[in-house]
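Novice: I'd like to ask you about the structure that follows.
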Amino acid sequence: MLTRPERRAGVYAGEDTMTEAVLWDLDGVLADTAPYHFQAWRELFRREGKEISEDDFVRTFGLRNAAILRDILGDLPEARGEELARAKEELFRSEIRRGIRANPGALPLLERLRAAGKKMAIVSSAPRQNVETILDSLGARPYFGTVIAEEDAPRGKPDPQGYLLAAERLGVPPERCVVLEDAPGGVEAAKRAGMRCIGLAAGRAPETLREADIVVRSLEDGAVYSFLSV
Numbered sequence: 000m001l002t003r004p005e006r007r008a009g010v011y012a013g014e015d016t017m018t019e020a021v022l023w024d025l026d027g028v029l030a031d032t033a034p035y036h037f038q039a040w041r042e043l044f045r046r047e048g049k050e051i052s053e054d055d056f057v058r059t060f061g062l063r064n065a066a067i068l069r070d071i072l073g074d075l076p077e078a079r080g081e082e083l084a085r086a087k088e089e090l091f092r093s094e095i096r097r098g099i100r101a102n103p104g105a106l107p108l109l110e111r112l113r114a115a116g117k118k119m120a121i122v123s124s125a126p127r128q129n130v131e132t133i134l135d136s137l138g139a140r141p142y143f144g145t146v147i148a149e150e151d152a153p154r155g156k157p158d159p160q161g162y163l164l165a166a167e168r169l170g171v172p173p174e175r176c177v178v179l180e181d182a183p184g185g186v187e188a189a190k191r192a193g194m195r196c197i198g199l200a201a202g203r204a205p206e207t208l209r210e211a212d213i214v215v216r217s218l219e220d221g222a223v224y225s226f227l228s229v
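Here you go:
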């Protein structure tokens with residue numbers, strides 16, 4: 000576990016009386032979807048007579064589809080850009096339906112949280128169709144009391160809109176929610192919402208998540224269970 004020392008004492012003292020809900024980011028936390036996005040973009044650009052390298056993908060990952068299309072293909076008519084963006088998402092969902100695995104430790108943690116009576120939500124900036132396809136492919140939808148997608152919280156992270164909406168739907172005050180996040184913008188959103196946050200640094204430098212209450216390399220880390228008191 001990697002943790003902010005000044006918060007270490009608070010992590011283990013009385014957290015069980017504070018946490019009523021756990022709010023999950025999707026991409027990178029519940030499952031690693033990046034390889035599926037890469038395959039979808041690669042196929043889309045192949046059809047357009049272009050190539051996207053892994054470096055290009057990493058550089059543009061997390062941007063809106065319109066920005067990625069402009070980066071690789073240049074300026075496009077708005078209608079054409081929207082058509083290509085829809086095609087990319089359809090390709091992505093097709094890749095997901097072929098099979099996706101949850102991140103190590105994710106499913107056991109879901110089981111433990113459910114057994115402990117914790118409410119749970121997904122909070123994602125992805126389109127609802129993508130979110131539902133991933134959850135259905137993992138068999139994870141029954142764990143979550145509500146699902147927040149791009150359509151529900153259009154401002155996106157680091158705006159706290161999505162996390163605040165999830166807490167409202169679950170009927171839990173923000174201060175009694177813990178967020179699981181793997182991106183700096185997501186951690187910022189959680190803190191701006193007045194929530195505690197566990198940072199998952201599986202594929203990035205831990206210091207990029209320094210605003211989280213604790214930072215771990217894996218959801219299998221016992222510190223996650225200690226923080227959540229489950």
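Mapping the sequence shown onto numbering that gives the first Met the number 0, position 182 (from 1) lands on 181, and the numbers just tick up by one.
The beta carbon of each residue, even a glycine, is placed where N, CA and C say it ideally should be.
Predicted, not measured: the structure shown is a model, and the values here were computed from it.
Helix, strand or coil for V146 per DSSP?
Specialist: Strand at V146.
Novice: Considering A78, what are the terminal residues of the beta strand (DSSP E) in which it resides?
Specialist: Careful: A78 lies outside any beta strand (DSSP E), inside the alpha helix (DSSP H) at E77 to R96.
Novice: Using a Cβ-Cβ cutoff of less than 6 Å, which residues in the same chain neighbour P173 once the five nearest sequence positions on both sides are dropped?
Specialist: A166, A192, G193 and M194
Novice: Are there three or more Cβ pairs, one per stretch, closer than 8 Å when the stretch 91 to 110 is compared with the stretch 134 to 154?
Specialist: yes
Novice: Between the beta-carbon of V186 and the beta-carbon of E180, is there less than 8 Å?
Specialist: yes
Novice: Going by DSSP in three states, K190 sits in which element: helix, strand or coil?
Specialist: helix
Novice: If distances are taken between C-alpha atoms only, which option among G48, I197 and E219 comes closest to A211?
Specialist: I197
Novice: In angstroms with no decimal places, state the Cα-to-Cα distance between V214 and N129.
Specialist: 27 Å
Novice: Could you compute how far the alpha carbon of A230 sits from the alpha carbon of L68?
Specialist: No statement about residue 230 is possible, as the shown extent of the chain runs from 0 to 229 and does not include it.
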